[in-house]
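The next block holds one structure in the form of structure tokens; read it before the comments.
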Amino acid sequence: MRQGQLGPAGSSVVIEECLRGEEVSLFAFCDGENALLIGAAQDHKRIGENDTGPNTGGMGAVCPPARFGRDAQEMAIDLFVRPALREMGRRGTPFRGILFAGLMLTEGGPRLIEYNVRFGDPEAQALLPRLRSDLLPILLAVARGRLGDEEVVFSDDVAVTVVMAGRGYPGKPTVGGAIRGLDRAEAIEGVQVFQAATALADGELVGAGGRVLAVTAIAPALQDARDRAYAGVAAIDWPDAVWRRDIGARALMP
Ligand code: GLY
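Quick note: the sequence shown uses the working numbering, first residue 196, plus one each step.
Set out below in structure tokens:
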């Protein structure tokens with residue numbers, strides 16, 4: 196604040212209740228009146244293992260979250276999504292799109308931290324590879340305000356996404372280093388690599404930002420999905436990369 200690093204946003208302080216628990220991201224398709232549960236994923240926001248260091252946009256995700264099952268997700272839609280949707284309609288600004296409720300699972304039940312009107316990153320990279328329904332008709336129904344009998348069907352697989360970021364992130368990341376081996380990673384069963392901040396330099400793929408790659412693996416069990424995702428990361432040759440080694444580790448704990 197003294198150095199004005201955040202500009203006018205750093206001129207005041209908001210003191211909020213501290214919520215303790217695990218954070219989950221809940222997603223719903225909304226057509227202005229109706230909300231349809233998409234699913235939930237668990238982000239890993241800090242840069243360091245065991246949730247240490249500064250916050251980031253998200254260093255990895257697990258879908259579905261270990262301790263937030265389908266019934267709890269449906270209840271959370273009733274608690275946090277449908278009332279918001281009704282109120283937006285009442286105000287004459289009905290919402291059509293994807294409502295993302297950021298929740299904290301406290302001992303006293305789920306509490307709402309924030310809303311976003313989009314998919315999460317990297318939550319989407321863990322959520323969408325499990326989707327078995329055709330996304331386009333659902334999005335069309337959302338846009339036309341006609342969510343009716345659409346079904347959102349997911350596979351029973353678990354997805355684990357590990358984000359690879361440029362060294363220095365979430366500060367100034369190293370950019371320009373060559374990235375090789377994406378084909379080797381994607382040759383591993385269940386592995387898919389998403390590129391977020393890459394560029395081509397002299398025909399070579401290079402890192403061009405903070406969170407650069409998201410390596411997702413799906414498998415019937417969480418342990419296998421983790422193993423596959425980290426095998427994918429190991430197959431990628433990018434000396435500038437940093438990533439967390441514990442994505443999904445807490446979900447494996449009893
Ligand atoms: N991963 C958090 C977000 O997309 O806001």
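C-beta atoms are modelled at their ideal positions from N, C-alpha and C, and glycine is treated no differently.
Under the criterion of beta carbons closer than 8 Å, THR393 and ILE374 qualify as touching, at roughly 7 Å. DSSP places VAL410 in the strand class (E or B) of the three-state scheme.
The DSSP-derived three-state label of ILE272 is helix. A Cβ closer than 5 Å to some heavy atom of ligand 1 marks a residue here, and those residues are ASP238, GLY253, GLY315, ASP316.
If you draw a 10 Å sphere on the C-beta of THR288, you find fewer than 16 other C-beta atoms in it, and that means exposed. As the crow flies, the alpha-carbon of ALA236 is around 6 Å from that of GLU318. The residue from PHE295, VAL257, ARG291 with its alpha-carbon nearest to that of ILE272 is PHE295.
A residue is called buried when at least 16 other Cβ atoms come within 10 angstroms of its Cβ; ALA414 meets this threshold and is buried. The region 334 to 346 and the region 416 to 431 do not touch, with fewer than 3 CB-CB distances between them shorter than 8 Å.
The three-state reading of DSSP puts VAL337 in helix, counting H, G and I together.
Secondary structure in the region 250 to 304: the alpha helix (DSSP H) runs of 4 residues or longer, each lying completely within the stretch, are 265 to 271, 277 to 285 in chain order. Of the residues LEU377, GLY366, ALA382, GLU384, the one whose Cα lies closest to the Cα of LEU400 is LEU377. One alpha carbon belongs to GLY253, the other to THR247, and they sit about 13 Å apart.
Here ASP246 carries a coil assignment [DSSP, helix/strand/coil]. Here the C-alpha atom of LEU334 lies approximately 10 Å from the C-alpha atom of CYS225. For VAL219, the closest C-alpha among the options LEU322, MET283, ARG440 is that of LEU322. Non-local beta-carbon contacts of ARG286 in its own chain, meaning distances under 6 Å to residues more than five positions away in sequence, are absent. In the DSSP assignment, GLY402 falls within the beta strand (DSSP E) that extends over 399 to 402. From the listed residues ALA256, ALA403, ARG406, PRO365, the smallest Cα separation to LEU221 is found for ALA256. According to DSSP, residue pairing for MET359 in a beta bridge involves LEU408. For GLN320, the secondary structure class from DSSP, reduced to helix, strand or coil, is helix. In this structure ILE210 is exposed. Its beta-carbon is surrounded by fewer than 16 other beta-carbon atoms within 10 angstroms. At a cut-off of 3 residues, the continuous stretches assigned as beta strand (DSSP E) that sit fully inside the region 197 to 250 are 217 to 226, 230 to 238, 241 to 243, 247 to 250.
ILE431 sits buried, since 16 or more C-beta atoms from the chains shown fall within 10 Å of its C-beta.
Taking C-beta atoms under 8 Å as the contact rule, LEU300 and GLY234 fail to qualify, at a distance of about 15 Å. Secondary structure of ARG375 (DSSP, three-state): strand.
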